[in-house]
Amino acid sequence: MAQTKRTIKKYPNRRLYDTEISSYITLEEVRQLVLDNEDFEVRDAKTGEDLTRSVLLQIISEHEDKGQPMLSPQLLSQIIRFYGDSLQGFMGPYLERSLQVFLDQQNQFRSQLNSLMGQTPWNTLNDLTERNLAAFQALQRGLMDTAAKVMPTPAAPSRSGKKSG
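Mapping of the sequence shown onto the UniProt record's numbering: residues 1 to 165, in sequence order.
Shown next, in the form of C-alpha cells:
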C-alpha cells in the first residue's frame, strides 16, 4: 500500500487542521512533523492551493526571531538578490545539494566520532563518571583501612551499664 502525504488544511482564520488526526494543530506541531520526517502538505481549505512553502517559511521566520538566528542579514540579502536574476533557477538546487553535502559530512563525522569513542558521547560520559566514582570509593576504603591500622581501637564498654566512679 502506497503511503500518501498527510494533508493539513489552513483555514482563513489561520488555523491548521490535520486531516490525519482530525484535530487542529499549531505551527510547533507542524515543525515536529518536519523533525519526524513526516511527508505532509499544507493546503488552503477553500481553494486547495498548496501553502506548504509559506507555512515552512513562517516556521523558519519564527525560529529566526527567537534565540540564535541561523540566517544572517548578509545571507538573506544575498538570497533576495538572486530573485529575478538569470541564475535564480540554479540557486535552489545548489542550496539543496550544498545542504545535503553538509548533512552527509555531519553524519560521517558523527559516525567517525562514535567509532573512535566506541559509543555515544553520553555513554562515554556515564562510563567516565562510573570509573571516577569507583576510584573515589577505592580511595575512601584505603583511607579507612589506613586509619583503622593507625588509630587505637576504643575500649569496649562494660556490660553492666553502670558507670564506675
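By construction, the Cβ of each residue, glycine as well, lies at the ideal position given by its N, Cα and C atoms.
Residue i vs residue j beta-carbon contact at 9 Å
{"i": "glutamate 64", "j": "leucine 56", "result": "no"}
{"i": "isoleucine 60", "j": "phenylalanine 40", "result": "no"}
{"i": "leucine 33", "j": "arginine 6", "result": "yes"}
Residues sharing a beta bridge with residue i, DSSP
{"i": "isoleucine 25", "result": "Leu16"}
{"i": "threonine 7", "result": "Glu41"}
{"i": "aspartate 50", "result": "Arg43"}
Option in the options with minimal Cα separation from residue i
{"i": "threonine 19", "options": "Glu28, Asp36, Arg31, Arg43", "result": "Arg43"}
{"i": "arginine 14", "options": "Asn126, Glu29, Ala45, Glu96", "result": "Ala45"}
{"i": "glutamate 38", "options": "Thr4, Leu133, Gln68", "result": "Thr4"}
{"i": "arginine 31", "options": "Phe136, Gln74, Gln58, Gln100", "result": "Gln58"}
Whole-Å CB distance - residue i paired with residue j, under 8 Å assumed
{"i": "isoleucine 25", "j": "leucine 16", "result": "5 Å"}
{"i": "leucine 27", "j": "glutamate 49", "result": "So it is not a contact: roughly 18 Å between Cβ atoms."}
{"i": "phenylalanine 82", "j": "methionine 91", "result": "5 Å"}
Limits of the unbroken alpha helix (DSSP H) element including residue i
{"i": "glutamine 78", "result": "73 to 82"}
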